[in-house]
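The number in the working numbering is simply the position in the sequence shown, starting from 1, with 28 added. Even glycine gets a Cβ: it sits at the ideal position worked out from N, Cα and C.
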Amino acid sequence: MISDEKIFAAKILAIDDNILNIQILKKILTNAGFINITATTDPTKAVDLYKEVQPDLILLDLNMPQMDGFAVMFQLSILNPDDYLPILILTAEEESIRFKALQSGAKDFLHKPYEHLDVLLKSRNIIEVRLLYNQAKNHNASLEQQINERIKEIRDTRLDVIHRLAIAAELRDAGTGKHIYRMSKYSQILAMAIGFSKEQGELLLATSPLHDVGKIAIPDSILLKPSGLDPQEFEIIKTHTTLGAKMLSGSESVFLRMAESIALSHHEKWDGSGYPRGIKGDEIPLVGRICAVADVFDALSSERPYKKAWTFEETMGEIKKLKGTHFDPKLVEAFEDTAKAIKEVYEHK
């Protein structure tokens, strides 16, 4: 229920070209205890006054020069198509006109000449409904905000766990955690360059760090071997793609499905000489092709225990050299086009 205090403090807007009618209504309402009444005899000011006052009750005459009550209601309905318009029509018209007014958005009507009790009862009823409507709307908005905050918290927590898992995988491979940051940024930049939406780009930024998560399951004796790997050991290393995909498989989440695809396909090559499946060209998922370019670029341009870091120019040259064999030609061209953005990430090592 709405308290009397709130009802009498409700904002009322009266619109009638007859100043006498305005004065009568104001007197009835003021004597009853209403304290917040705005009035005008100019219907062309209705929309501006509505925006300014945000009334809980609109007392609206139908027959006015320049703009009648129907035109005012039409403008207000356009202004607030989903809102509850608290319109109380003032009319001496026949029943068909009153019915038309109700169809046009009015909630009730007052007969002229006004009856004191009728004015107060109908005004109070519409105000109470309006205040309850606003109360419910505000409550729903608050609930929606709480839900959105909770969803964001869950999403941020999920991304944080995923990021930590990706770092754990890289640290097992003598990494520092910076590789997954740079590689994911390169992937996002390249994806946006070929037409990914902002949301798709952010999804790739979040999922690409999991490209090497399967290395968690590779034995230390092979993963951390300081010398070169023999053919059998290299075959075991290559299983990090299928192992990673298996870890991420079986989910209905768009996030995990993309991560699974990346983990499985980021070592495939455009010419079919990659692993684990030896697929080629467009058979390779686009996100896998994107991450392949980003992964190799960062691997070449980063210092490792067994090699020095290549310069930016040397690395870009190698990416171009592998166009059409290791990498999708169109992606290499897009990567070249975004060289400035790529270099900004490269320089923040």
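Worksheet item: Sorted by chain position, which residues of the same chain lie with C-beta nearer than 8 Å to L116's C-beta, five sequence neighbours on each side aside?
Response: If we look at L116 and ignore the five residues flanking it on each side, its Cβ neighbours are L85, I86, L87, L88, A134, K135, D136, F137, L138, K150, S151, I154.
Fill in: Through-space distance from L359 to I312, alpha-carbon basis
13 Å
Worksheet entry | Helix, strand or coil at H139 [DSSP, three-state] | strand
Item to complete: Go ahead and pull the three-state DSSP assignment for A38.
Response: coil
Item to complete: Would you identify the three-state DSSP class for L314, choosing helix, strand or coil?
Response: helix
Worksheet item: Using the beta-carbon count (16 or more within 10 Å), is L145 buried or exposed?
Response: exposed
Worksheet item: Ordered along the chain, which non-local residues of its own chain (more than five positions away) have a Cβ less than 7 Å from that of L218?
Response: I318, V321, A322, L359, A362, F363, T366
Practice prompt. Would you list the residues sitting across from D89 in a DSSP beta bridge?
Written response: L118
Practice prompt. Decide if S225 is buried, meaning its Cβ has at least 16 other Cβ atoms within 10 Å, or exposed.
Written response: By the 10 Å Cβ count, S225 comes out exposed.
Worksheet item: Can P71 and D45 be called in contact, C-beta distance under 8 Å?
Response: With respect to the 8 Å criterion, P71 and D45 are classified as neighbours on the basis of their beta carbons.
Practice prompt. Count the other CB atoms, across all protein chains shown, that sit within 10 Å of the CB of Q216; report buried if there are 16 or more and exposed otherwise.
Written response: When all chains shown are included, Q216 counts as buried.
Practice prompt. Could you tell me whether the Cβ atoms of L57 and I47 are closer together than 8 Å?
Written response: no
Discussion item. Report the start-end ranges of each alpha helix (DSSP H) in the region 243 to 287 that is 4 residues or longer and not cut off at the edges.
Written reply: As summarised for the region 243 to 287, the continuous alpha helix (DSSP H) elements at least 4 residues long and confined to that stretch are 248 to 251, 259 to 266, 268 to 276, given in chain order.
Practice prompt. Please confirm whether F355 and W298 have their CB atoms less than 8 Å apart.
Written response: yes
Worksheet entry | Backbone CA spacing between R332 and W338 [nearest angstrom] | The alpha-carbon atoms of R332 and W338 are separated by roughly 11 Å.
Discussion item. Which of the three DSSP states is assigned to R305 in this structure?
Written reply: coil
Fill in: Distance, L77 Cα to E143 Cα
Going by the C-alpha atoms only, they are around 26 Å apart.
Worksheet item: Is the CB-CB distance between I290 and L238 below 8 Å?
Response: yes
Worksheet item: Mind checking V282: buried by the 16 CB within 10 Å criterion, or exposed?
Response: The residue is exposed, with fewer than 16 neighbouring Cβ atoms inside 10 Å.
Practice prompt. Could you check if K180 is buried or exposed, using at least 16 other CB atoms within 10 Å of its CB as the buried criterion?
Written response: exposed
Item to complete: From the DSSP output, read off the bridge partner residues of R332.
Response: K335
Discussion item. Between L350 and chain B, is the shortest Cβ-Cβ distance under 8 Å, so that the two count as touching?
Written reply: Annotation note: the requested chain B is absent from the structure, which comprises a single protein chain.
Item to complete: Given a cut-off of 8 Å, decide if V157 and A380 are closer than it, judged by their beta-carbon atoms.
Response: The first residue shown for the chain is 29 and the last is 377, placing residue 380 beyond what the model contains.
Fill in: Range of the contiguous beta strand (DSSP E) that encloses T68
65 to 68
Worksheet item: Cβ of T270 within 8 Å of Cβ of P304?
Response: The criterion of a C-beta distance shorter than 8 Å is satisfied by T270 and P304.
Worksheet entry | Spatial distance of G229 from M220 (CA atoms) | 6 Å
Item to complete: Count the other C-beta atoms from every protein chain shown that fall within 10 angstroms of the C-beta of E177, then say buried if there are 16 or more, exposed otherwise.
Response: exposed
Discussion item. Quick check on the DSSP output: what are the complete alpha helix (DSSP H) runs of length 4 or more inside the region 155 to 236, in order along the chain?
Written reply: 206 to 221, 226 to 235
Worksheet item: On the three-state DSSP scale, how would you describe F62?
Response: coil
Worksheet entry | N- and C-terminal bounds of the alpha helix (DSSP H) containing Q94 | Unbroken run through Q94: none, as it is neither H nor E.
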